[in-house]
Amino acid sequence: MENSATLVSVLYDIKREEWKSYKRSFQTYLGYFTNILKLKTKLVLFCENSTLQLLKSNSEYLAHKNIHTIVIPYSQLEYAKFRSKIEETLSSEEFQRDNKMLNNPEGYSADYIVLMNNKLSFMKEAVEKDPFHTSHFFWIDAGYGHGNRMFFPTAPKYWEPKNLLKLKNKITYIKLYENPDAFKGYELQIYKEQAAPVLNGAFFGGDKESIIEYYHLYDSVFKEYLFTHNIVDDDQNIGIFCYYRRPELFNLVFGDWNDVMKLFG
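In the working numbering, the protein residues as written are 1 to 265.
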């Protein structure tokens, strides 16, 4: 089988416009997502039925010939079963004490934490279904680039991260620090600090076998932090903690938030 890629993304309305900070409407996200559709790449999209109905009036969605949509209610996401424990942790005295991140969504929104940490579960399901029979799978945030066309190919065209398609047994991330060990030794404290993440969670992935291996590692680390340490965080910090456990599984490439097309395409 020739190496090729499937992108994986999601659109869930978690009422971000009602947040106390970092507000953004779901309609704004739908607008951002149009740029992902213009890539014409093989794409697995997870969403709720109400979102699917909205997309059916989107001309870019209707024109996309390589999209496979999977409808799953938010309440049935794998990590939704942890929502009550996440809520309990967010409101705990220990989590709240001296926490500089309480105005960031990972400091107050259980729905956000569930959705961000469910990324590997989405990836695992996409790999298992494998509707396009590809060798590699890559997560891309639906809002990647925040609507700015300068971070995308100048004209709508088929795009895939061809520079990564020969890699096996590796999960690729963009690292935002040249030294990825910046948080090493501070794993139980960093969730309270206003420190930029080491990993860029907007895009990551690898071959099918690596995705499944990473899913199990991520799930184990997430549960350890939640149930043993009473710590919740977003996928970017849980991801770097996974790297500290299994660095040989990862290919970290130095870059910036919106460098995906420049680095990998």
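The beta-carbon is built from N, C-alpha and C at its ideal position, and this holds for glycine as well.
Here the structure is a predicted model, which means the values were calculated and not measured.
In the three-state reduction of the DSSP assignment, G205 falls in the strand class, which pools E and B. Cβ atoms of G205 and N35 stay farther apart than 8 Å, at about 18 Å. With respect to the 8 Å criterion, V127 and L77 are not classified as neighbours on the basis of their beta carbons. Excluding its 5 nearest sequence neighbours in each direction, K100 has C-beta neighbours in its own chain below 8 Å: K192, E193, Q194, listed in chain order. Taking all protein chains in view, the Cβ of D98 is surrounded by fewer than 16 other Cβ atoms within 10 Å, so the residue is classified as exposed. Per the C-alpha coordinates, the member of S9, D259, L55, D233 positioned closest to M150 is D259.
A distance below 8 Å separates the beta carbons of I190 and N237. Counted as a single uninterrupted DSSP element, the alpha helix (DSSP H) harbouring N49 occupies residues 49 to 55. Between F122 and K42, the CB-CB gap reaches or exceeds 8 Å. In this structure, Y29 places its C-beta atom within 8 Å of the C-beta atom of A142. When C-beta atoms of the region 49 to 60 are compared with those of the region 101 to 113, fewer than three pairs fall below 8 Å, so the two segments do not count as touching. Distance from the CA atom of L62 to the CA atom of R245, rounded to whole angstroms, is 43 Å. With contacts defined as CB atoms closer than 8 Å, V8 and F138 qualify as a contacting pair. Nearest Cα to I70 within the set R83, F82, K56, F46: F46. Under the DSSP assignment, N251 falls in the beta strand (DSSP E) whose first and last residues are 250 to 254. Relative to K65, the option among L39, S75, Y79, I140 whose CA is nearest is L39. Here the alpha carbons of D219 and E17 stand approximately 29 Å from one another. With a contact defined as Cβ atoms closer than 8 Å, H136 and N251 miss out at about 12 Å. Non-local beta-carbon contacts of A196 in its own chain, meaning distances under 7 Å to residues more than five positions away in sequence, involve L176 in chain order.
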